[in-house]
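Chemist: Supplied in structure tokens, the structure appears directly below.
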């Protein structure tokens with residue numbers, strides 16, 4: 053039986069919703085440890101902190117590394133509402149997470165199968181498992197609502 057990622061994706065969606073308060077794109081992420089508990093949480097903070105690397109995945113990976121005391125997040129799962137970009141896919145590889153789980157595909161910048169496939173590139177020394185489409189409708193709806201609001205005069 054494969055594990056259900058609905059609960060951690062729900063936590064990632066909560067993080068994404070929290071990003072709305074700062075005007076950031078509502079993307080959220082959690083890192084789940086080998087024991088099933090959340091080791092790190094993150095949401096987009098690019099606007100809030102003026103940080104170009106302030107993507108939800110980076111924030112969550114940093115929090116998990118701090119909580120575990122190691123940059124090597126072996127046995128961990130990165131769960132994120134939107135398919136990671138090249139920077140975040142690369143960070144997942146470098147952090148040695150066992151798997152990347154995401155909700156919505158990102159046809160414009162996705163690097164876990166859509167536009168690029170960084171995490172499964174055989175030239176790299178680590179290739180996380182990928183699980184896609186978890187609560188994809190909810191993840192997509194959150195993003196569509198945000199961008200619809202950005203375009204409305």
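Numbering (my numbering), first residue to last: 53 to 205.
Don't be surprised by glycine CBs; every beta carbon is placed ideally from N, CA and C.
As the structure is a computational prediction, the values presented were derived from the model and not from experiment.
(1) Run the CB neighbour count on residue 133, radius 10 Å, all protein chains shown included, and call it buried at 16 or more, exposed below.
(2) Return the chain-ordered list of same chain residues with a C-beta closer than 6 angstroms to the C-beta of residue 156, the five sequence neighbours on each side being excluded.
(3) Can you tell me whether residue 177 is buried or exposed, with buried defined as 16 or more other CB within 10 angstroms of its CB?
(4) Rounded C-beta distance between residue 128 and residue 107? I'm assuming under 8 angstroms.
(5) Measure from the alpha carbon of residue 147 to the alpha carbon of each residue in 200, 96, 67, 85, then state which is nearest.
(6) May I ask you to list the residues that DSSP assigns as paired with residue 154?
(7) Take the Cβ of residue 53 as the centre, count every other Cβ of all protein chains shown within 10 Å, and call the residue buried at 16 or more, exposed below.
(8) Is the closest heavy atom of the ligand FMN to the C-beta of residue 102 under 7 angstroms?
(9) Beta carbon of residue 95, beta carbon of residue 110: below 8 angstroms?
(10) CB residue 173 to CB residue 167, shorter than 8 angstroms?
(11) When the Cα atoms are used, what is the spatial distance from residue 131 to residue 142?
(12) Going straight from the alpha carbon of residue 55 to that of residue 71, what length do you get?
(13) Please state if the CB of residue 64 and the CB of residue 77 are separated by a distance shorter than 8 angstroms.
(14) Beta strand (DSSP E) containing residue 91: first to last residue?
(15) Are the CB atoms of residue 170 and residue 145 within a distance shorter than 8 angstroms?
Modeler: Reading from the atomic positions:
(1) For the purposes of this step, residue 133 is taken as residue 81 along the chain shown, with counting starting at 1. Flag for residue 133 reads buried.
(2) On the chain shown, position 104 is the one that residue 156 refers to. Answer for residue 156: 134, 188, 191, 192, listed in chain order.
(3) Position 125 of the chain shown, counted from the start, is the residue given in the question as residue 177. Residue 177 is exposed by the Cβ-count criterion.
(4) Here residue 128 is taken as the residue at index 76 of the chain shown, counted from 1. Here residue 107 is taken as the residue at index 55 of the chain shown, counted from 1. Not quite, the Cβ-Cβ distance comes to about 17 angstroms (not below 8 angstroms), so this is no contact.
(5) Along the chain shown, read from residue 1 onward, the residue named residue 147 stands at position 95. Of the listed residues, the one whose Cα sits closest to residue 147 is 85.
(6) Here the question's residue 154 lines up with position 102 in the chain shown. In the DSSP output, where bridge partners are listed per residue, residue 154 has 132, 184.
(7) The residue labelled residue 53 in the question sits at position 1 within the chain shown. Reliability fails at residue 53, whose pLDDT of 40 lies under 50, so the model's placement of it is uncertain and no value is given.
(8) The ligand FMN is not among the ligands present in this structure, which contains no ligands whatsoever.
(9) Sequence index remark: in the chain shown, residue 95 carries index 43 (1-based). Sequence index remark: in the chain shown, residue 110 carries index 58 (1-based). Not closer than 8 angstroms, so no.
(10) Residue numbering aside, residue 173 sits at position 121 when the chain shown is read from its first letter. Residue numbering aside, residue 167 sits at position 115 when the chain shown is read from its first letter. Contact flag unset, no.
(11) Position 79 of the chain shown, counted from the first residue, corresponds to residue 131. Position 90 of the chain shown, counted from the first residue, corresponds to residue 142. Each residue's Cα considered, the two are about 15 angstroms apart.
(12) As a first step, residue 55 must be located in the chain shown, where it is residue number 3. As a first step, residue 71 must be located in the chain shown, where it is residue number 19. Roughly 27 angstroms between the two C-alpha positions.
(13) For this step, residue 77 is matched to residue 25 along the chain shown. For this step, residue 64 is matched to residue 12 along the chain shown. No, the Cβ-Cβ distance between residue 77 and residue 64 is not below 8 angstroms.
(14) Taking the first residue of the chain shown as 1, we reach residue 91 at position 39. That run of the beta strand (DSSP E) goes 90-95.
(15) To locate residue 145, count along the chain shown from 1; it is residue 93. To locate residue 170, count along the chain shown from 1; it is residue 118. Going by C-beta atoms, residue 145 is nearer than 8 angstroms to residue 170.
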